[in-house]
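A quick write-up on the structure given underneath.
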Amino acid sequence: MPEREWKLGEDLVTSDSLLDGLTFDDLILAVHCNCRSITPEAVQAELRGMLESRKQDMMFLLEKNMDAIMAEARKGRE
Numbered sequence: 030m031p032e033r034e035w036k037l038g039e040d041l042v043t044s045d046s047l048l049d050g051l052t053f054d055d056l057i058l059a060v061h062c063n064c065r066s067i068t069p070e071a072v073q074a075e076l077r078g079m080l081e082s083r084k085q086d087m088m089f090l091l092e093k094n095m096d097a098i099m100a101e102a103r104k105g106r107e
C-alpha cells in the first residue's frame, strides 16, 4: 500500500477536513483509558492533549499544502 502524500490534488480534496473533530465519546474513551483518577483536572488535561495533537496535525497539513491553498484562494482574482 503506497504512503499518503497528504497533498491537495493528490490524495486530499478541498472539502476534506483540515482539523479533525472531537466528540464527547472520544473524550470519554480517552479519559477512561488514560486517567487513573477521573477528576475535572484529569478530563481537562486529556482534552488539552487531544487538542494539541489535532492542532499539530492541522499545522502539518497547512504547511504541506500552503502553496495549493494560496493558489486556490487566488483563483478569479488575477
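Counting from 30, one number per residue, gives the positions in the sequence shown under this note's numbering. Virtual Cβ for every residue (Gly too), placed ideally from N, Cα, C. For clarity, every value in this text was computed on a predicted model and none was experimentally measured.
Practice task
Assign Asn63 to one of two classes, buried (16 or more other C-beta atoms within 10 Å of its C-beta) or exposed (fewer than that).
Solution key: exposed
Problem - Endpoints, the alpha helix (DSSP H) within which Gly78 is located - result: From DSSP, the alpha helix (DSSP H) with Gly78 extends over Pro69 to Lys93.
Handout entry: Inter-residue CB distance, Leu56 and Met79 (contact presumed, cutoff 8 Å)
Key = 7 Å
Practice task
Using 10 angstroms around the beta-carbon of Glu75, count the other beta-carbons present and answer buried if the total reaches 16, otherwise exposed.
Solution key: buried
Exercise for the section: Drop a sphere of 10 angstroms on the beta-carbon of Leu90, count the other beta-carbons inside from all chains shown, and report buried for 16 or more, exposed for fewer. Expected result: Buried.
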